[in-house]
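In full-length UniProt numbering, the protein residues as written are 1 to 233.
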């Protein structure tokens, strides 16, 4: 046991080597000078060795338990993350609601019910959107191409005027730029104050007439962000 105690210091670096040599020398001196006391000293050193090994074992056990707890925590977090990714993959978010078309940062709805211009405006509000406002040639091209897929349907848009002498205004009160498109008039009737769109044609009609309508609203930013995340992963 004495020899084992001395050897145990050998695996502790330079300092351990030093202690190992010192103990070997001490053992030799004690054996020669105090042969009768050496068994007692040996027992004391053996007890010290056992105590140190027991403390080392306890420390290693505590470290292993801590590592196991951390491993279990990481495994649980990984399982939750994996399940979340699976759910997102099954329920991929779409920037626009069902039956709406996306173009740029807006969603567009081509209605399926005939209503007056005023009723159409109310319908768009009920859908948490606004009556269509065309703001660029590119947007106009998109709307016309999309409208052509609805056969010969005629759609109200959010452009009107208050009487023949009044200016054409969008629903939000902004002025209509005349260079954006030409408004056709089928007759000289003074009551043609609301604008419709049919394919590539745009004209004015009596606001009490029944037509379909086009609503628009801004894309949901949260949905766009989720879609982008899924596309990256």
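Just so you know, even glycine gets a beta-carbon here, dropped at the ideal spot from N, CA and C. This one's a predicted model, so the numbers in the text were calculated from it and none came from an experiment.
| Asked | Found |
| --- | --- |
| Nearest to residue 212 (by Cα), restricted to the options 116, 178, 60 | 116 |
| Sufficient close CB pairs (3 or more, under 8 Å) joining the segment 170-184 to the segment 59-73 | no |
| Residues near residue 170 in its chain [Cβ-Cβ closer than 7 Å; skip 5 each side] | 133, 158, 159, 176 |
| Classification of residue 239 by the beta-carbon crowding that lies within 10 angstroms, buried from 16 upward | As displayed, the chain neither begins before 1 nor continues past 233, which places residue 239 out of reach and without an answer. |
| Contacting residues, own chain, Cβ-Cβ under 8 Å from residue 105 (five flanking each side not counted) | 218, 219 |
| Residue 156 vs residue 120 beta-carbon contact at 8 Å | yes |
| Residue closest to residue 216, alpha-carbon to alpha-carbon, out of 101, 80, 83, 185 | 101 |
| Length of the line joining the Cα atoms of residue 192 and residue 203 | 9 Å |
| Short Cβ contact (8 Å threshold) for residue 199 with residue 147 | yes |
| DSSP three-state assignment for residue 117, whether helix, strand or coil | helix |
| Range of the contiguous beta strand (DSSP E) that encloses residue 147 | Note, residue 147: premise wrong, no beta strand (DSSP E); alpha helix (DSSP H) at 137-148. |
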